[in-house]
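Asks: A single structure is presented below for examination.
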Amino acid sequence: MNEDHSEGILKRTGGAYTLFTTAGIPMDRVMPTTNTAFEGSMYIVSTDIRRGIKDTITREAPQAVVAQRPIIRKVQVPPPPEGSLIFTQRAYIEPSHLRFFKDYQIEGVQFMFERLRSANGALLADEMGLGKTFQAVAIARIFCRAGGLVLVVSPCSLVGVWEKEINKWAASLRVFNGALKHPNKYRGIEHVLLVSYEKLATLDTERHKFQLVICDEAHRLRTSTSQALQALKKMGSKKLLLTGTPFQNTVQEYKTLLALVDGRAETAKGIKELSSIASDAVLRRKIERTSLRLPQKDEIIWIIQNKEYEAYKSFYRNIASRGGIQDIQRLRIHTCTSPSKWGVFLALAKDILLEKQSLVIISRYIEVIKKVKESIQAMATRREVPISPKDVSAFHGEMNITLREDALSSFQAKGQKVIILSAKCGAEGLTLVKSTRMIIVDSDWNPANDLQAMARIWRLGQTKPVIIHRLFLMGTVEEYILLVQMKKIDLQKKLEGVLPPEEIEEHLSQCEEQSVFEPQTTSLVHKWLKCPCTEAYPLVCADGYSHRHTDTALILSQRINSEEQ
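Every letter in the sequence shown is one number past the one before it in full-length UniProt numbering, and letter 499, counting from 1, is 499.
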């Protein structure tokens with residue numbers, strides 16, 4: 001065999017072929033892909049010299065293979081079957097697949113395809129639950145059918161979800177799961193490589209030329225110091241970003257994300273120019289603007305009266321004297337588990353379980369997750385609720401992947417269940433439509449993260465009305481977080497063009513920042529919303545929240561997608 005190239009003969013050996021040298025020495029295996037009515041039998045050949053040759057052959061007529069250098073071979077794509085949705089003669093969706101698409105999803109695939117063909121990429125920013133993964137798999141299928149390789153990057157907890165979705169909607173594609181095997185063992189034989197954001201930085205991106213990179217939960221790339229972001233910038237591939245929450249904290253973060261798919265964003269000046277670029281590169285649909293009709297969602301905000309106000313004063317001031325990030329976390333955990341708030345949480349959880357509803361509980365802190373689990377299991381042991389202790393599971397970052405999957409399987413099993421999710425690793429991508437009730441024990445500074453959490457139960461596939469409770473302790477750092485969220489939502493509306501793109505204040509005033517460490521006896525949010533307390537019930541605040549007082553809390557509630565609207 002010549003050192004500059006490899007020649008060989010394909011001979012059938014069992015269910016595959018073996019590539020032999022002319023001297024009869026076996027060089028490599030030739031493995032068949034899934035046979036489909038549209039693609040025929042495809043065989044993938046790999047050698048040490050060539051990373052991946054695709055050749056269409058038949059079992060009856062093995063062909064000689066010559067590989068002098070890496071070959072990019074234009075795959076013969078069968079003509080589109082009658083009834084297909086045709087973008088080009090080589091890019092289409094077959095009628096057998098097309099029947100599963102909703103109208104807005106077809107529009108989404110058309111938008112992504114045109115952007116990927118004519119520009120660097122696209123950002124699909126549909127609200128959570130509208131099927132972004134399903135639409136992206138359709139695009140991946142089009143690229144792979146034409147002979148391309150696709151890289152999918154996602155949070156670690158979603159790599160397995162992507163593998164299942166590709167197997168379900170594009171069974172002809174072979175997948176390499178980079179979470180189970182090191183991604184650098186990928187040889188280009190499989191059509192799709194799945195990796196986590198953490199492993200992307202270690203991937204040898206020069207080894208394989210991916211025609212398309214799909215980034216799920218792409219808001220993780222918003223910071224310019226992200227290693228994953230730097231790795232992506234080095235890749236010349238087309239990029240498809242998926243996120244239901246494109247705006248997170250600041251305009252600069254939004255620009256960083258947008259620049260991945262449209263270089264003009266890097267030099268954009270002002271909200272107006274950035275919004276203009278986004279109108280070309282970003283497609284965002286909200287549930288109420290699609291043909292999709294999700295069931296009613298009630299979001300209830302409990303601003304709980306702080307009966308331990310005097311006791312908190314000295315604790316707050318002690319924390320304020322240091323004022324570090326860890327001190328704010330201590331403050332939040334201390335506030336979250338205060339007797340006033342904890343009593344309301346336990347009463348609320350008990351009422352939901354007595355209604356024989358499955359329940360999803362969200363928290364940011366491992367200490368809180370463990371305390372919640374112990375408290376709910378104690379209720380079950382005392383038979384105060386109609387579940388057993390084994391019906392309560394947790395899902396957080398200190399658990400390995402196997403334990404997390406076991407927790408999800410336990411929750412999805414038949415019967416009434418409770419699962420406590422970490423907001424960091426459990427509030428993205430999971431589908432938990434078995435439950436119609438959720439309690440968010442401690443909210444995030446970023447409203448997008450709370451929306452991600454809510455979308456675990458209110459999404460495509462949910463058929464029953466949903467109620468989501470969010471708990472805040474009045475006059476503390478928690479209520480300040482809610483105030484920050486509301487102001488960030490205002491900023492997002494300006495970026496989306498819902499509000500006029502006037503000069504935007506991204507940062508709160510100094511006096512508001514100081515209030516983080518200064519407990520209040522009255523509600524900060526109540527004042528900011530300008531609640532008309534002198535009017536007769538039901539009261540409606542400036543942002544459309546209905547408003548009522550109880551002995552323990554100020555309660556704000558919004559109804560979305562109700563039949564009454």
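Backbone N, C-alpha and C define an ideal beta-carbon position, used for all residues, glycine too.
Distance, Cα to Cα, D297 vs D204?
Replies: For the purposes of this step, residue 297 is taken as the residue at position 297 of the sequence shown. For the purposes of this step, residue 204 is taken as the residue at position 204 of the sequence shown. Before going further, note that residue 297 is Lys rather than Asp in the sequence given. Rounded to whole angstroms, K297 to D204 spans 45 Å at the Cα level.
Asks: For D551, count the other beta carbons within 10 Å of its own beta carbon; 16 or more makes it buried, fewer makes it exposed. Which is it?
Replies: Residue mapping note: residue 551 aligns to position 551 of the sequence shown, counting from 1. With fewer than 16 Cβ atoms within 10 Å of its Cβ, D551 is classed as exposed.
Asks: Use the C-beta contact count for A553: other C-beta atoms within 10 angstroms, 16 or more gives buried, fewer gives exposed.
Replies: For this step, residue 553 is matched to residue 553 along the sequence shown. The residue in question, A553, is buried, as its Cβ has 16 or more Cβ neighbours within 10 Å.
Asks: Express the C-alpha separation of Q211 and T431 in angstroms, rounding to a whole number.
Replies: Start at 1 with the first residue of the sequence shown, and residue 431 comes out as number 431. Start at 1 with the first residue of the sequence shown, and residue 211 comes out as number 211. Between T431 and Q211, the C-alpha separation is close to 29 Å.
Asks: In chain order, what residues of the same chain lie with their CB nearer than 8 Å to the CB of I555, ignoring the 5 residues before and after it?
Replies: Within the sequence shown, residue 555 is the residue found at index 555, counting from 1. Only I300, I301, W302, I303, H547, R548 and H549 meet the Cβ criterion.
Asks: Going by the DSSP bridge assignment, what does L194 pair with across the sheet?
Replies: Taking the first residue of the sequence shown as position 1, residue 194 is located at position 194. L194 pairs with V152 and N177.
Asks: How is the beta strand (DSSP E) around W302 delimited, first residue to last?
Replies: One-based indexing of the sequence shown puts residue 302 at position 302. Residues K297 to I304.
Asks: Are the stretch 164-184 and the stretch 130-141 touching, with three or more C-beta to C-beta distances below 8 Å?
Replies: The stretch 164-184 is in contact with the stretch 130-141.
Asks: Taking 8 Å as the cut-off, decide whether the C-beta atoms of L116 and A122 are in contact.
Replies: Within the sequence shown, the letter at position 116 stands for residue 116. Within the sequence shown, the letter at position 122 stands for residue 122. Yes; because the gap between Cβ atoms is below 8 Å, this pair is in contact.
Asks: My output table needs one value for I467: the three-state DSSP class, helix, strand or coil.
Replies: On the sequence shown, position 467 is the one that residue 467 refers to. The answer is strand: DSSP assigns I467 an E or B state.
Asks: Counting Cβ pairs closer than 8 Å, one from the stretch 360-379 and one from the stretch 412-427, do we hit at least three?
Replies: Yes, they touch.
Asks: Answer yes or no: do E478 and V525 have a C-beta to C-beta separation smaller than 8 Å?
Replies: Taking the sequence shown and counting its residues from 1, the one referred to as residue 478 is at position 478. Taking the sequence shown and counting its residues from 1, the one referred to as residue 525 is at position 525. Contact flag unset, no.
Asks: Which residues share a DSSP beta bridge with G121?
Replies: Stepping through the sequence shown from its first residue, residue 121 is reached at position 121. Paired residue(s): K239.
Asks: Return yes when the Cβ of A265 is within less than 8 Å of the Cβ of K272, no when it is not.
Replies: Locating residue 272 in the sequence shown gives position 272, where the first residue counts as 1. Locating residue 265 in the sequence shown gives position 265, where the first residue counts as 1. No, the pair does not count as a contact, with Cβ atoms beyond the cut-off.
Asks: Between L200 and V153, is the Cβ-Cβ spacing less than 8 Å?
Replies: Taking the sequence shown and counting its residues from 1, the one referred to as residue 200 is at position 200. Taking the sequence shown and counting its residues from 1, the one referred to as residue 153 is at position 153. Yes, the pair counts as a contact, with Cβ atoms nearer than the cut-off.
Asks: What do you reckon, are the CB atoms on residue 617 and K434 nearer than 8 Å?
Replies: The structure shown does not extend to residue 617, since the chain is modelled only from 1 through 565, so no value can be given for it.
Asks: Taking only the alpha-carbon atoms, compute the straight-line gap between T267 and I277 and give it to the nearest angstrom.
Replies: Translated into the one-based positions of the sequence shown, residue 267 becomes position 267. Translated into the one-based positions of the sequence shown, residue 277 becomes position 277. The alpha-carbon atoms of T267 and I277 are separated by roughly 11 Å.
Asks: Under the rule that 16 or more other beta-carbon atoms within 10 Å means buried, what is Q227, buried or exposed?
Replies: Start at 1 with the first residue of the sequence shown, and residue 227 comes out as number 227. Exposed, by the Cβ-count rule.
Asks: Per DSSP, which residues does F395 bridge with? Please list them.
Replies: Within the sequence shown, the letter at position 395 stands for residue 395. Bridge partners of F395: L421.
Asks: Can you round the beta-carbon distance between A231 and L257 to whole angstroms, since I take them to be within the 8 Å contact cut?
Replies: If you number the sequence shown from 1, residue 231 lands on position 231. If you number the sequence shown from 1, residue 257 lands on position 257. Between L257 and A231 the Cβ distance is about 15 Å, and since that is not below 8 Å, they are no contact.
Asks: Would the stretch 363-374 count as touching the stretch 333-350 if we require 3 or more Cβ pairs under 8 Å?
Replies: These segments touch.
Asks: With H, G and I counted as helix, E and B as strand and the rest as coil, what does DSSP make of F101?
Replies: Sequence index remark: in the sequence shown, residue 101 carries index 101 (1-based). Looking at F101 - three-state DSSP - the assignment turns out to be coil, as it is neither helix nor strand.
Asks: Using the C-alpha atoms, what's the distance from I481 back to V77?
Replies: Position 77 of the sequence shown, counting from 1, holds the residue named residue 77. Position 481 of the sequence shown, counting from 1, holds the residue named residue 481. Rounded to the nearest angstrom, the two C-alpha atoms are 54 Å apart.
Asks: Taking only three categories from DSSP, how would you classify D48?
Replies: For this step, residue 48 is matched to residue 48 along the sequence shown. Any reading at D48 must be qualified, since the residue scores a pLDDT of 39, below 50, and its modelled position is unreliable; no value is offered.
Asks: Can you check DSSP and say which residues form a bridge with A91?
Replies: By 1-based counting over the sequence shown, the position of residue 91 is 91. Note: A91 sits in a beta bridge opposite T88.
Asks: Tell me which residues share the same chain as V368 and place their Cβ nearer than 8 Å to its Cβ, disregarding the 5 neighbours each side in the sequence.
Replies: What you label residue 368 is simply residue 368 of the sequence shown in a count that begins at 1. Cβ neighbours of V368 beyond the five flanking positions: I333, C336, T337, V441 and D442.
Asks: Distance, Cα to Cα, G426 vs T290?
Replies: To locate residue 426, count along the sequence shown from 1; it is residue 426. To locate residue 290, count along the sequence shown from 1; it is residue 290. Between G426 and T290, the C-alpha separation is close to 27 Å.
Asks: Do I166 and V192 have their beta-carbon atoms positioned less than 8 Å apart in this structure?
Replies: Against the sequence shown, residue 192 aligns to sequence position 192. Against the sequence shown, residue 166 aligns to sequence position 166. Cβ distance < 8 Å, so V192 and I166 count as in contact.
Asks: Of the choices I189, K132 and R145, whose alpha-carbon is the least far from that of I214?
Replies: Counted from its first residue, the sequence shown places residue 214 at position 214. Of the candidates I189, K132 and R145, the one whose C-alpha sits nearest the C-alpha of I214 is K132.
Asks: Can you check whether the CB of A179 is closer than 8 Å to the CB of V161?
Replies: The count along the sequence shown starts at 1 and reaches residue 161 at position 161. The count along the sequence shown starts at 1 and reaches residue 179 at position 179. Not a contact, by the Cβ cut-off of 8 Å.
Asks: Since N306 and T522 are thought to touch, with beta carbons under 8 Å apart, how far apart are those beta carbons, to the nearest angstrom?
Replies: Position 306 of the sequence shown, counted from the start, is the residue given in the question as residue 306. Position 522 of the sequence shown, counted from the start, is the residue given in the question as residue 522. N306 to T522, Cβ: 10 Å. No contact.
Asks: Would you mind working out which of L294, W445 and M454 sits nearest M438, comparing C-alpha positions?
Replies: Numbered from its first residue, the sequence shown carries residue 438 at position 438. M438 has its Cα closest to that of M454, out of L294, W445 and M454.
Asks: Considering just the uninterrupted stretch of the beta strand (DSSP E) at L258, what are its terminal residues?
Replies: Here residue 258 corresponds to residue number 258 of the sequence shown, with the count starting at 1. Here L258 belongs to no beta strand (DSSP E); instead the alpha helix (DSSP H) covers V251 to A259.
Asks: Give the C-beta separation of G129 and L294 to the nearest angstrom, bearing in mind that I take them to be a contact with Cβ-Cβ under 8 Å.
Replies: Translated into the one-based positions of the sequence shown, residue 129 becomes position 129. Translated into the one-based positions of the sequence shown, residue 294 becomes position 294. 7 Å between Cβ atoms; contact.
Asks: Just mark Q485 as buried or exposed, buried being the case when its beta carbon has 16 or more other beta carbons within 10 Å.
Replies: Position 485 of the sequence shown, counting from 1, holds the residue named residue 485. By the neighbour-count rule (16 or more Cβ atoms within 10 Å), Q485 is buried.
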